[in-house]
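> Quick note: the sequence shown uses full-length UniProt numbering, first residue 1, plus one each step.
First, the structure itself, so that you have it in front of you.
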Amino acid sequence: MFIRQLIYRSTATQPLADEEMQELIVQSRVRNAARAITSFLYCAGQHYLHVLEGEHQAVEQLHTRLRQDARHANLVTLMDETGTKRLFPSLSMGSSDLTSAALARLAGYLDPKHRSALLPNSCDSQEVIMDLLHEFVAEHSPPIRPCPEG
1 MFIRQLIYRS
11 TATQPLADEE
21 MQELIVQSRV
31 RNAARAITSF
41 LYCAGQHYLH
51 VLEGEHQAVE
61 QLHTRLRQDA
71 RHANLVTLMD
81 ETGTKRLFPS
91 LSMGSSDLTS
101 AALARLAGYL
111 DPKHRSALLP
121 NSCDSQEVIM
131 DLLHEFVAEH
141 SPPIRPCPEG
């Protein structure tokens, strides 16, 4: 089965309080689970990098809605590919905080302009990106935020 994998970066128009972020994550988990979407949100202050995975049309509908969301701006798609294996198969919405420098570095690795220079043409970019994202979280971030109680 093929899935769409889309990664974008954006900037919040206003800072979100911890409670607001937790509420956003809870709502996203419910919505994403209903649409068989898995996702992961990397946060560094007001800067975000978001991984979306699922059926092509479901990801397209979510991406369209996110582009219209006034809570963030400067949305730039870094990757939009078809894959066979989810990067975050068990997370309807995972999240983790990163430092601003770490998030900028990760976004740079995923930028198509840089990726083509870093990866040989024969390389399975999906596998490399999966490894990169998982290693990056393990090295540069605290544990994944738990699901809030309630």
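The C-beta atom is built at its ideal place from N, Cα and C for all residues, glycine as well.
With DSSP run on the structure shown, which of helix, strand or coil describes Ala44?
Here Ala44 sits in strand by DSSP.
> May I ask which residues mark the beginning and end of the beta strand (DSSP E) holding Ser92?
Counting along the chain, Ser92 falls outside any beta strand (DSSP E), and DSSP gives it neither H nor E.
> Taking the beta strand (DSSP E) that Leu6 falls in, what are its first and last residues?
Where Leu6 is concerned, the enclosing beta strand (DSSP E) stretches over 3-12.
> Per DSSP, what kind of secondary structure is Glu19 in: helix, strand or coil?
Here Glu19 sits in helix by DSSP.
> Between which residues of its own chain and Glu19 is the CB-CB distance below 8 Å, once the five residues before and five after are set aside?
Nothing meets the Cβ criterion.
> For Leu91 versus Thr38, is the C-beta spacing smaller than 8 Å?
Yes, the pair counts as a contact, with Cβ atoms nearer than the cut-off.
> Could you tell me whether the Cβ atoms of His50 and Ile7 are closer together than 8 Å?
In contact: His50 and Ile7 (Cβ atoms closer than 8 Å).
> Which residues mark the beginning and the end of the beta strand (DSSP E) in which Thr82 is found?
It spans 72-83 - the beta strand (DSSP E) in which Thr82 sits, taken as one unbroken run.
> Could you give the first and the last residue of the continuous alpha helix (DSSP H) run that contains Arg35?
Per DSSP, Arg35 belongs to no alpha helix (DSSP H) and is neither H nor E.
> Go to Thr99, then tell me how far its alpha helix (DSSP H) extends in each direction, as first and last residue.
Looking at the DSSP string, Thr99 is not in any alpha helix (DSSP H), and its letter there is neither H nor E.
> Measuring alpha carbon to alpha carbon, tell me which residue in Ala101, Arg65, Val59, His63 is nearest Phe2.
If we check each option's Cα against that of Phe2, Val59 comes out closest.
> Between Thr84, Asp69, Leu52, Ser96, which has its C-alpha nearest Gln22's C-alpha?
Ranking the options by Cα distance to Gln22, first place goes to Ser96.
> Can the beta-carbon of Leu103 be found less than 8 Å from the beta-carbon of Tyr42?
Going by C-beta atoms, Leu103 is nearer than 8 Å to Tyr42.
> Alpha helix (DSSP H) containing Pro60: first to last residue?
Note that residue 60 is Glu in the sequence shown here, rather than Pro. Unbroken alpha helix (DSSP H) run through Glu60: 56-67.
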